[in-house]
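Just so you know, our numbering puts 881 at position 221 of the sequence shown, and the rest follows in order with no gaps. Comments concern the structure below.
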Amino acid sequence: MTGKSRGSLLRASKGIAVNAQATLLCLMLLQFLNQPLLLFLYPYEVKWPSQKTQSGVGLARRRGRRCQDVIGSDMVAVSHVCKFRWLSDGRTNMGKITNFKSTVRNFKALRPQKSAVRNNYLTVTEPSWRQRNPPRVPNLIGGRFVDSQSFTSIDVLNPATQLVVSQVPLTTNEEFKAAVFAAKRAFPVWRKTPIATRQRIMFKFQELIRRDIDKLARNITSEHGKTLKDAYSDVLRGLEEVEHACGLATLQMGEFVSNVSNGIDSYSMREPLGVCAGICHFDFPAMIPLWMFPVSVTCGNTFILKPSEKDPGAAVMLSELAVEAGLPNGVLNIVHGTNDIVNSICDDDDIKAISIVSPNTAGAYVYTRASAKGKRIQSNVGAKNHAVVMPDASVDATLNALVAAGFGAAGQKCMALNTVVFVGGLNPWEDKLVERAKAIKVNAGTEPDADIGPVISKQAKEQLCRLIQTGVDTGAKLILDGRNIVVPGYEHGCFIGPTILSNVTTNMECYKEEVFGPVLLCMQAASIEEAIDIVNRHKYSNGASIFTTSGVAARKFQTEIEVGQVGINVPISAPLPFSSFTSCRPSFAGDLNFDGKAGVQFYTHIKTVTQQWKDLLDSSGASVAMPSPRTSASGREVSRSNRRFMEEYYFPGNLAQELSRVQNLIGGAFVDSQSPDSIDVINPATQEVVSQVPLTTNEEFKAAVSAAKQAFSSWRSTPVTARQRIMFKLQELIRRDIDKLALNITTEQGKTLKDAHGDVFRGLEVVEHACGMATLQMGEYVSNVSNGVDTYSLREPLGVCAGICPFNFPAMIPLWMFPVAVTCGNTFVLKPSEKDPGASIMLAELAMEAGLPNGVLNIVHGTNDIVNAICDDEDIRAVSFVGSNTAGMHIYGRASAKGKRVQSNMGAKNHAIVMPDAHVDATLNAIAAAGFGAAGQRCMALSTVVFVGGLKSWENKLLERAKALKVNAGTEPDADLGPVISKQAKERIYRLVQSGVESGARLLLDGRNIEVPGYEHGNFIGPTILSDVRANMECYEEEIFGPVLLCMEADSLEEAINIVNKNKYGNGASIFTTSGVAARKFQTEIEAGQVGINVPIPVPLPFFSFTGSKASFAGDLNFYGKAGVNFCTQIKTVTQQWKDLPGGTGVNLAMPTSQK
């Protein structure tokens, strides 16, 4: 049979309502021919995650076009032989397969045969799974959306119309195994993917969810029935989980304790578990899947998701977005089904953890079965959420809350408030409660006037009607009956209107069971004690709320109620994701809850490392035995950049004839300064004037501070999630404009374009870090520190903060400062370097575009006068500075004297110690890159190298690598390093190099007189190497800040460490060695804030802090990380007492203590 004939035969067999005899004939013929092709009756549409060619696709069209269901290397293929039972009317029972044989081959063998694609033309006319009517929901296995081979499926019904929306297959056992295999196969690579990379996929994922939120909401409404507004909320609450996952690097950090015993350190790290799984309930089709897989995969796990068979569409759409965001093949997989697939998840040995949200029966079953297999389980199950209404509660606010929380989403929420206990009786509340309930509009969720939609199914409606009737039959009073409501145009829908039962007692079935519908049960209690007892005696304990104006009643309720989530005048007390969803007792089974720190802990396990790097003792006593020097035969030199930049990036001839003047940013407006004085911004490679920076006047400075002060009161009250979202948008915009930013930096500062991109990107990482501020800024809570007394702390913003920036990182340093400060709730006044202010202005424009309110960020310009004004202004609460030691100590002293917080990063003399056993090529490459990169104008540049055992064996190869570096204008494609910032800087570097020569240093390589063709006026200095440098030379004592490498020698590691420690600076230091003993000794004894072991520039990522020390830093709290957040916030400690006031005992003025 030809390929074309087989393609025709397959096309004849498509569809579920296919003629049974034809289907059987097709199957028999294909088996008879023994063809190794892949048979899928229900083709699908592939959305390719990238433009990379997928293996085995053949003629398939990419990017959303129709594609035959062929499988690549990450999939499993199955060939089926099926026997059908014939029904009396001649149809096959497609859902009852009596014999099902399949063979699963290994992945490499399962790539489609070329003939199966090229010769059969299966891609030409097969429709996609979405084009079928109704569409069939696909599995997601190994990165591909594939139609199931199962002939059994479940109809997904629109609850408002009873029309079939789609069909869900019952994933076969072979397909399930393939999904688990794909997840297991993806895990080793995914777990090694850096956490920052995994987070960035979540950054993109949340962006895509926002883009497609309308589609998601419409799908949820069509499958679940909830109103469109409620469907949007469903997505948004899930989106908050994705945002939370974007800050996971902080949550996943381990701990380190030095010297737990003599010479022994212990540190812990959180590592992913492996393959995890999630089983979802129907009530939140988007939120519940997003509770599960974003946190899990960002922790480094891979995931198997089983959506609810009642409304799987949102989960599939979200998985498409996750793949589009860059989630690798196999990291997320989707299977479908009911009992059988749940059992498979529980039993599979490769699945390490299961998350489930479900009714109580299913949740308890899964917990028991999976726990027996040694799996971790978190199981959110049934609920009966109570509200206690005190007589003093605000009437209107309370009634509005009860109606919204009781009837919203047709009561189909795990936190729905379905039972109200009225203390003192229902009579004052009944009529108004019924009035508000009657005003609720019941309609299809797509109708604009709908307040609530239908319940999920006819079975759910029948169950609700039955429970309501049991209440009436056992004595409850039906004060509002919504069972017989008819919605015009939707007569077949599963609608139940708001229903209220009063006089409910605890022995009624309607009270004992979870109703899960728009039914409000009303009870009465004589006292708050009786009301609390009613709540506590119920088996469920998801949440409970109290409505009262009495602090005493609220405190009593909060303390005595036995539920996981407590609301005080809040009807639905579900926390935001940076806290955990803390259900307890039968409403939750497991040790670690969803969300927050507990959620991260659930998806990770702790590895504790105890390391010992003590000296090995020999017969001669305690001494470090140095390994013999090793050499490498590779001889590779430092690789040059293969960058390609189009010439149009830089047009020096197209500068405007009238130079632009850099503006101030004051109160949200970019305004020209009134100052007649300005400073030229000069391109260091050409000496052309790029722009002019005004010296901001004192009045303009005061206006900027006033704007910041005025904006603070409203900005600090803005929810931290809203502030975070502006940072989410800012990082997106920085990525969009990174080329423009880099070009500006190269033009004004001189560094190469590649290095300028790195400048922006390192700053971008701090913005990403600020996107997790809700977690970083959380306070602490301790209950009952004394009898009836609680204490909790919260981190509050300081007010107006300021930042003073250097020239060397025009993007990164401003981004060190204002994103963290403003996300904490502060407002900010930024002073960029007068040498290269353009990037700061561009970043401020992007921040405004991202939604930063007027006055939150302000920019002023100048030199000494404006710096002094910042130090002296009483409205500025904190100052951040990066720059030279002279300026830094002046600022620290002057601002501290005014009572300000100051963090001052200053000068550096970063050392590397090279041991004789260091890897030659890797070490030399690292030294050349760290010493000469960015023309040495980095605060963490590696400017001094101490060679233990002597320089001779390293000298020639070091010179060879340095000479190979290309000095040129930063815009030139072949440039390895560009000019220094100014002629004054060049002259200073010249002087310090010459002072070294005059003091006895040996000039191995002199780059002072280099000339760059076409840029003869540029501030260029080539790589320069001085050897035989001693500690008393000026070139060693001072920070050179240029492409100059000082080489020193030491006889031993002890001597080398002593050289480093005697230097006044302590920004960073590195060692290059293969000896663990030497590395441990260095790490322990070196007096520097940032230590590298075979890492030349040990600057940490922003979820740690930039921990300079000694003369390199002044202040108590470093930049970024937890320390950066602490610097930008102050702690308020609250001690609350809600005890009953004792009668007749008088006023007790004694200081309260924790003693009874």
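C-beta: ideal position from N, C-alpha, C; glycine also. These figures come from a predicted structure and were not determined experimentally.
Which same chain residues end up closer than 6 angstroms to residue i when comparing Cβ atoms and leaving out the 5 residues on each side of it in sequence?
i: Leu-1127; result: Cys-1170, Val-1175
i: Ser-1288; result: Reliability fails at Ser-1288, whose pLDDT of 30 lies under 50, so the model's placement of it is uncertain and no value is given.
i: Ser-1493; result: Cys-1465, Pro-1466, Phe-1467
i: Ser-1294; result: For Ser-1294, the predicted structure reports a pLDDT of 30, less than 50, and the residue's modelled location is therefore unreliable. The matter cannot be settled from this model.
i: Ala-1462; result: Val-1489, Ile-1530, Ile-1536, Val-1539
i: Asp-1415; result: Ala-1594
i: Ala-1661; result: Leu-1686, Asp-1688, Val-1689
i: Glu-1709; result: Phe-1607, Gly-1610, Leu-1611
Taking residue i as the reference, which of the options has the closest Cα?
i: Gly-1105; options: Pro-819, Ala-1582, Gly-1485; result: Pro-819
i: Val-1704; options: Ser-1373, Ala-1601, Thr-1631; result: Ala-1601
i: Asp-1141; options: Thr-1165, Lys-1118, Met-1183, Ala-1097; result: Ala-1097
i: Val-1002; options: Ala-985, Val-1048, Ala-937; result: Ala-937
i: Arg-804; options: Ser-810, Leu-1138, Ala-839, Ser-813; result: Ala-839
i: Pro-1344; options: Lys-1646, Gln-1743, Val-1132; result: Lys-1646
i: Asn-1628; options: Gly-1682, His-1579, Ser-1613; result: Gly-1682
i: Ile-1526; options: Lys-1044, Thr-910, Phe-1361, Ala-1043; result: Phe-1361
i: Lys-1623; options: Arg-1648, Arg-1598, Cys-1599, Phe-1592; result: Phe-1592
i: Gly-848; options: Val-957, Leu-965, Leu-1506, Asn-1518; result: Note on identity: in this sequence residue 848 is Pro, with Gly being the wrong assignment. When each option's Cα is compared against that of Pro-848, the closest is Val-957.
i: Gln-866; options: Thr-1209, Met-947, Ser-808; result: Met-947
i: Val-1164; options: His-1152, Phe-1155, Leu-1180, Gly-1749; result: Leu-1180
i: Asn-1570; options: Ile-1551, Ser-1564, Gly-1596; result: Gly-1596
i: Glu-1190; options: Ile-1386, Lys-1199, Asn-1202, Ile-1221; result: Ile-1221
i: Ala-1635; options: Asp-1337, Gly-1410, Lys-1558; result: Gly-1410
i: Cys-1431; options: Pro-1457, Lys-1118, Leu-1252, Gln-1391; result: Gln-1391
Excluding the five sequence neighbours on either side, which residues of its own chain have a C-beta within less than 7 angstroms of the C-beta of residue i, listed in chain order?
i: Asn-1514; result: Gly-1327, Gly-1328, Ala-1371
i: Tyr-1150; result: Ala-820, Thr-821, Ala-1104
i: Ala-846; result: Thr-962, Pro-988, Asn-989, Gly-990, Val-991
i: Ile-1232; result: Ala-1065, Met-1075, Leu-1077
i: Leu-1124; result: Val-1115, Ile-1156, Val-1175, Gly-1177, Val-1179
i: Val-895; result: Ile-869, Ile-873, Leu-876, Ala-877, Ala-946
i: Ala-1471; result: Leu-1401, Ile-1405, Asp-1419, Val-1420, Gly-1423, Ala-1499, Leu-1503
Please classify residue i as buried or exposed, where buried requires at least 16 other C-beta atoms within 10 Å of its C-beta.
i: Pro-772; result: Note that Pro-772 has pLDDT 31, beneath the 50 cutoff, so the model's placement of it is unreliable and the number below is only indicative. The residue is buried, with at least 16 neighbouring Cβ atoms inside 10 Å.
i: Phe-1241; result: buried
i: Leu-823; result: exposed
i: Ser-1283; result: Here Ser-1283 scores only 22 on pLDDT, less than 50, and its place in the model should not be relied on; the value that follows carries that caveat. Label assigned to Ser-1283: exposed.
i: Thr-1435; result: buried
i: Glu-834; result: buried
i: Glu-1745; result: exposed
i: Ile-1473; result: buried
i: Asp-1332; result: exposed
i: Ile-1112; result: buried
i: Thr-1021; result: exposed
i: Val-1055; result: exposed
i: Ala-1057; result: exposed
Leaving out five residues on either side along the sequence, give the residues of the same chain with a beta carbon under 8 angstroms from the beta carbon of residue i.
i: Ile-1194; result: His-1046, Val-1081, Thr-1166, Met-1183, Ala-1185
Checking 8 angstroms against the spacing of the C-beta atoms, do residue i and residue j come in under that value?
i: Ile-994; j: Ser-979; result: yes
i: Phe-1773; j: Met-1566; result: yes
i: Pro-1354; j: Ser-1373; result: no
i: Val-1350; j: Ile-1339; result: no
i: Gly-1256; j: Ser-1239; result: yes
i: Gly-1177; j: Gly-1034; result: no
i: Thr-1789; j: Cys-1484; result: yes
i: Val-1574; j: Phe-1732; result: yes
i: Pro-954; j: Cys-940; result: no
i: Ala-1214; j: Ile-1192; result: no
Who are residue i's beta bridge partners in DSSP?
i: Gly-1702; result: Partner(s): none; Gly-1702 has no beta bridge.
i: Leu-1062; result: None; Leu-1062 has no bridge partner.
i: His-884; result: For His-884, which the question treats as bridged, DSSP gives no partner whatsoever.
i: Leu-1665; result: Ile-1685
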